[in-house]
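Each remark here refers to the structure printed beneath this line.
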Amino acid sequence: MKITVYDGATTIGGNKIYVEENNRGVFLDFGMNFAKYTKYFTEFLNERSVRGIHDLLHLQLIPKLNIYRSDLIPSDLSLSSYPRLGVKAVLLSHAHLDHCGNIALLNENMPVVASPMSIAILKAIRDVSYGGVGSEVAYFSWRRPVEGGRILSSCKYKGRNFICTEEMSEDLLDFITHKPGHEGRYADKFEPGELYSLHDSNLPFEIEAFEVDHSIYGATGYILDSVAYTGDIRMHGKNAQKSRKFVKEARNMQILIVEGTCATKEEDINESESLVFENCLKVVEESEGVVIADFSPRNFERLETFREIAEKTSRELVVSAKDAYMLYAIELVDGVCRMDGVGIYNELKDRRSKWETLVVRERWGEQYIDPNEIRKNPRNYILCFSFYDMKNLLDIKPEGGAYIYSASEAFSEEQEFDFLRLYNWLRTFNLRVYGFKMEEGGRAVPKFEKGYHASGHISREDLRWMIERIDPEVIIPVHTENPKWFAENFDGVKEIRDGETLLFD
Ligand SMILES: [Zn+2]
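If you count by this note's numbering, then the sequence shown holds residues 14 to 518, one letter each, in order.
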């Protein structure tokens, strides 16, 4: 068996790990490496989609391999000198961009193994986005060459083939194979991909999938023959028991490929979703005006936390139409309706997309809440707004209230600048800020307050427990800036660099 880490060995995210035997193999994730991307790209300077994979390959943001989509290779690019691997599938751990964001580039026939929850989330993300390579996992814009073939132009939508780790319901199948509003005569054609179950597929290795706890639902750990891969995992969320089950199943595996996001943290702080609940509840109880809860829109567990807080404080939780659409998608998987008693913010705009008019309005049209309503009774609401929703405050015009930052800390200078902008918005409307503080004087830098967010990643203490419990012969740390920590603490650690291969008997 050969294991090559093409990317994500010593950065947080961008995992592209290839496990191979007799020239047949699978990728464990094929994510976007933000650390590398942001060396070249920023908000208004992006890779050019009309040039297919040209830009990403030249900047070495994706590995030089002959495994990419045939329609993304412009006439002035040739992959023939690059290795053509026998990739049979990508095993996706979860629907975060740093794990799935480059999957859209992979050969059109390459299937993705994923949990039904991940597939539903990815489909909903694609429906509500305007494209861009990161979001094109569930289906992508197929391109045809124009003007001599250096330019590639979109012509139709094509669905990715999926291998689902569990049985899918009829409703979910229907959701995945249709795009709202694309039955019409003038709409761009949508060709759904093929769907199989893990049971019926003929992949290299004996592959088993286990759901694990992370800050997005549907996260999955995999066991392939004698290799266990954690994906992103933690032990302190609502689904911690699922992570524990994975650890039990992975016991005594020969090789453990393990995430180490928190290996860098100096100290372990005690954080959990229940602590977040308590702290945020206190803020809401004490607040006289409107409350804004700012968390990752894909962190459905956090959304449930705030929904519970809203109920306890006799407020109404208000989400965006996009959030409501996402909740519709995940209900198709677990049957849990999260929209009872939840309002949908009526953003002032002149046009609405089909997914909104045909699905969200159709179902929950009565639950829309106008900004004027919130202005009149701010005390009745908790708004799920993030930085990009701050413009809506100009219609609500709150005078005081509370804002809670309930997401991960900024890790780049660019993000720190956004915090300064965010802070200006909050100050303009006299909102009291929880979760971070702005240090004045010199360059303004946010300082984060603990207790309003629980990380999606396993703490160092739990990591130690997990590794001791699994007790593998070989440990391959990935998704970490501190592989040294592993080498210092455990036997059998292989510190690996991007592009390096390990051989096993
Ligand atoms: Zn993640």
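The beta carbon of each residue, even a glycine, is placed where N, CA and C say it ideally should be. Keep in mind the model is a prediction, meaning the values are calculated, not measured.
Legend entry - Pairwise C-alpha distance: Asn495 and Tyr416: 33 Å
Inset, instruction - For Leu396, collect the residues of the same chain with a Cβ closer than 6 Å to its Cβ; drop the 5 residues on either side in sequence, then sort them by chain order. - result: Ile305, Val331
Inset, instruction - With a floor of 3 residues, list each beta strand (DSSP E) that falls wholly inside the region 24 to 101, ordered by position along the chain. - result: 29 to 34, 37 to 41
Inset, instruction - Kindly indicate the opening and closing residues of the alpha helix (DSSP H) around Trp478. - result: 473 to 483
Legend entry - Terminal residues of the beta strand (DSSP E) in which Ile357 lies: 356 to 358
Legend entry - Helix, strand or coil at Pro124 [DSSP, three-state]: coil
Legend entry - Environment of Pro76 [buried if 16+ CB atoms lie within 10 Å]: buried
Inset, instruction - Could you tell me if the beta carbon of Gly172 falls within a distance shorter than 7 Å of some heavy atom in ligand 1? - result: no
Inset, instruction - For Cys350, count neighbouring Cβ atoms within 10 angstroms of its own Cβ and tell me buried if that reaches 16, exposed if not. - result: exposed
Legend entry - Start-end ranges of the beta strand (DSSP E) lying completely within the region 305 to 333, minimum 3 residues: 329 to 332
Legend entry - Neighbourhood of ligand 1 [Cβ distance below 5 Å to any heavy atom], ordered by chain position: His109, Asp245
Inset, instruction - Pull up the distance between the alpha-carbon of Asn312 and that of Gly250, whole angstroms please. - result: 11 Å
Legend entry - Under the three-state DSSP convention, the category Glu272 falls into: strand
Inset, instruction - With DSSP collapsed to three states, give me the class of Cys113. - result: helix
Legend entry - Beta-carbon proximity list for Arg477, same chain, < 8 Å, skipping 5 on both sides: Asn502
Inset, instruction - Measure the C-alpha to C-alpha separation of Ser94 and Thr24 and round it to an integer number of angstroms. - result: 28 Å
Legend entry - the region 261 to 271 touching the region 233 to 252, judged by at least three CB pairs closer than 8 Å: yes
Inset, instruction - Check whether the region 98 to 109 touches the region 41 to 56, counting contact only when three or more Cβ pairs, one atom from each stretch, lie closer than 8 Å. - result: yes
Legend entry - Within 8 Å, strictly: CB atoms of Val372 and Pro193: yes
Inset, instruction - Can you tell me which of Phe461, Asn390, Arg82, Ala253 puts its alpha carbon nearest to the alpha carbon of Lys171? - result: Arg82
Legend entry - Sequence-distant residues of its chain with Cβ nearer than 8 Å to Ser285 (five each side left out): His249, Gly250, Ala467
Inset, instruction - Look at Arg163 and Ser88 and say whether their C-beta atoms are less than 8 Å apart. - result: yes
Inset, instruction - Find the nearest neighbour of Phe461 within the set Arg473, Phe424, Asn437, judged by alpha-carbon distance. - result: Phe424
Inset, instruction - Have a look at the DSSP bridge pairing and note the partners of Lys460. - result: Lys450
Inset, instruction - Using the Cα positions of Lys15 and Tyr31, report the straight-line distance between them to the nearest angstrom. - result: 8 Å
Inset, instruction - Compare the C-alpha of Ser167 against each of Tyr199, Thr370, Val63 and name the closest. - result: Val63
Legend entry - For Thr178, the three-state DSSP class (helix, strand or coil): coil
Inset, instruction - For Ile134, name the three-state secondary structure that DSSP assigns. - result: helix
Legend entry - Alpha-carbon spacing of Leu406 relative to Val487, whole angstroms: 53 Å
Inset, instruction - Just confirm the distance between the C-beta atoms of Glu149 and Ala117, as a whole number of angstroms; I'd bet it's less than 8 Å. - result: 4 Å
Inset, instruction - My understanding is that Pro411 touches Leu444, with C-beta atoms under 8 Å, so please give their C-beta distance in whole angstroms. - result: 7 Å
Inset, instruction - Look at the alpha carbon of Phe319 and the alpha carbon of Leu211, and state the distance between them as a whole number of angstroms. - result: 35 Å
Legend entry - Per-residue burial, Asp184 [other beta carbons within 10 Å of its own, 16 or more giving buried]: exposed
Legend entry - Which of helix, strand or coil DSSP assigns to His465: Reading off the sequence, residue 465 comes out as Tyr, not His. Coil, per DSSP.
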